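Novice: Residue numbers (our numbering): 136 to 384.
The beta carbon of each residue, even a glycine, is placed where N, CA and C say it ideally should be.
All values derive from a computational prediction rather than experimental measurement.
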């Protein structure tokens, strides 16, 4: 009897110049184990290298975007296996940090739970579309875990007081509050999150790719610079952009 083929942990679909990357462990609420995290990292890198791709949508199949780290894997990640612990931490760190480093814009399409590492992925994207069923937050302390690798992204998306409340109390927020806090850009019915995100990504894809890459790079660069240095960086891009109009769109 032929053994059933295991479903891929990640599903990739191109909709014209928009690449949709879907986490695909729906029975585990797309919890991030090492296999899925590595697949996501590789898929994002591949999308950024592909000249046919101009924008990226990140979503999750099933009733949740991502329930965070797969806690069942933690039984192997112990001080007795320190090498594995460090490799997993490094992979998680690189994956959580990479969305803003990509040259192409990324939007998350989030339905249901986006907690812990899943919350980090959702707001690590350049924009976020949330379903009305959103449950967003950082409940790590309730599991005796520190939200160490998602704290930086959260603090940069929220003010310090609000961010500390979220990581220290572990309270989950819904879609309307996420929109009010500036974590989400749009709130729609759950069945519309992907289509809404793709529509936004299509608008990005219509722009000159060099100009879009420059917009994204400069946006994050100036966020971390003193005012005069940020203006100087903008001046340099302003001078360079004159050549963008000669590029094929």
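So, are the CB atoms of residue 172 and residue 230 less than 8 Å apart?
Specialist: The sequence position of residue 172 within the chain shown is 37, counting from 1. The sequence position of residue 230 within the chain shown is 95, counting from 1. Cβ atoms of residue 172 and residue 230: closer than 8 Å.
Novice: Tell me the DSSP secondary structure of residue 200 in three-state form.
Specialist: To locate residue 200, count along the chain shown from 1; it is residue 65. Coil.
Novice: Could you tell me the alpha carbon to alpha carbon distance between residue 254 and residue 333, rounded to whole angstroms?
Specialist: Locating residue 254 in the chain shown gives position 119, where the first residue counts as 1. Locating residue 333 in the chain shown gives position 198, where the first residue counts as 1. In a straight line, the C-alpha of residue 254 is about 20 Å away from that of residue 333.
Novice: Taking the alpha-carbon positions, what's the residue 132 to residue 201 distance?
Specialist: Absent from the model: residue 132. The displayed extent of the chain is 136 to 384, so no value can be given.
Novice: Check the C-beta distance from residue 264 over to residue 331 and give it rounded, since I have them as a contact under 8 Å.
Specialist: To locate residue 264, count along the chain shown from 1; it is residue 129. To locate residue 331, count along the chain shown from 1; it is residue 196. Contact flag correct, Cβ pair sits at about 5 Å.
Novice: Across the stretch 152-166 and the stretch 222-229, are there enough close Cβ pairs to call them in contact, namely three or more that are closer than 8 Å?
Specialist: The stretch 152-166 vs the stretch 222-229: no contact.
Novice: Please classify residue 275: is it buried, with 16 or more other beta-carbons within 10 angstroms of its beta-carbon, or exposed?
Specialist: Translated into positions along the chain shown, residue 275 becomes position 140. Per the 10 Å Cβ criterion, buried.
Novice: Roughly how many angstroms separate the alpha carbons of residue 356 and residue 348, rounded to a whole number?
Specialist: Taking the first residue of the chain shown as 1, we reach residue 356 at position 221. Taking the first residue of the chain shown as 1, we reach residue 348 at position 213. Roughly 12 Å between the two C-alpha positions.
Novice: So residue 148 is in the alpha helix (DSSP H); what residue range does that whole segment cover?
Specialist: If you number the chain shown from 1, residue 148 lands on position 13. First-last for residue 148: 145-150, but that is the beta strand (DSSP E), not the alpha helix (DSSP H).
Novice: Name the residue from 296, 354, 281, 260 whose alpha carbon lies nearest to the alpha carbon of residue 224.
Specialist: By one-based count along the chain shown, residue 224 stands at place 89. Nearest option by C-alpha distance: 281.
Novice: Can you name the start and end residues of the beta strand (DSSP E) that residue 267 belongs to?
Specialist: Position 132 of the chain shown, counted from the first residue, corresponds to residue 267. Element bounds for residue 267: n/a, residue is neither H nor E.
Novice: Buried or exposed for residue 165, please, with buried defined as at least 16 other CB atoms from any protein chain shown within 10 angstroms of its CB.
Specialist: Here residue 165 refers to the residue found at position 30 when the chain shown is read from its first residue. The residue is buried, with at least 16 neighbouring Cβ atoms inside 10 Å.
Novice: Mind reading off the beta-carbon distance from residue 319 to residue 192? Whole number of angstroms is fine, and I expect it under 8 Å.
Specialist: By 1-based counting over the chain shown, the position of residue 319 is 184. By 1-based counting over the chain shown, the position of residue 192 is 57. No, residue 319 and residue 192 are not in contact; Cβ-Cβ is about 15 Å, not under 8 Å.
Novice: Between residue 307 and the rest of its own chain, which residues show a CB-CB distance below 6 Å, the 5 nearest in sequence each way excluded?
Specialist: As a working note, residue 307 is residue 172 in the chain shown. Cβ within range, chain order: 270, 272.
Novice: Exposed or buried, what is residue 366 when buried is set at 16 or more other beta-carbons lying within 10 Å of its beta-carbon?
Specialist: As a first step, residue 366 must be located in the chain shown, where it is residue number 231. Answer is exposed; the Cβ neighbour count stays below 16.
Novice: Give the secondary structure of residue 280 by DSSP, where H, G and I count as helix, E and B as strand, and everything else as coil.
Specialist: Along the chain shown, one-based indexing puts residue 280 at 145. Residue 280: coil per DSSP, three-state reduction.
Novice: For residue 243, write down the residues that DSSP places opposite it in a beta bridge.
Specialist: Residue mapping note: residue 243 aligns to position 108 of the chain shown, counting from 1. DSSP output for residue 243 lists 193, 263 as bridge partner(s).
Novice: Express the C-alpha separation of residue 197 and residue 353 in angstroms, rounding to a whole number.
Specialist: Residue mapping note: residue 353 aligns to position 218 of the chain shown, counting from 1. Residue mapping note: residue 197 aligns to position 62 of the chain shown, counting from 1. Distance between the alpha carbons of residue 353 and residue 197 is about 35 Å.
Novice: Would residue 240 be called buried (16 or more neighbouring beta carbons within 10 Å of its own) or exposed?
Specialist: Taking the first residue of the chain shown as position 1, residue 240 is located at position 105. Buried, by the Cβ-count rule.
Novice: Would you list, in sequence order, the uninterrupted alpha helix (DSSP H) runs of no fewer than 4 residues that lie entirely inside the stretch 307-331?
Specialist: Entirely contained in the stretch 307-331, the alpha helix (DSSP H) runs reaching 4 residues are, in chain order, 310-316.
Novice: How is the alpha helix (DSSP H) around residue 295 delimited, first residue to last?
Specialist: By one-based count along the chain shown, residue 295 stands at place 160. From DSSP, the alpha helix (DSSP H) with residue 295 extends over 295-304.
Novice: Could you check the C-alpha separation between residue 156 and residue 204 for me, to the nearest Å?
Specialist: For this step, residue 156 is matched to residue 21 along the chain shown. For this step, residue 204 is matched to residue 69 along the chain shown. One C-alpha to the other measures close to 18 Å.
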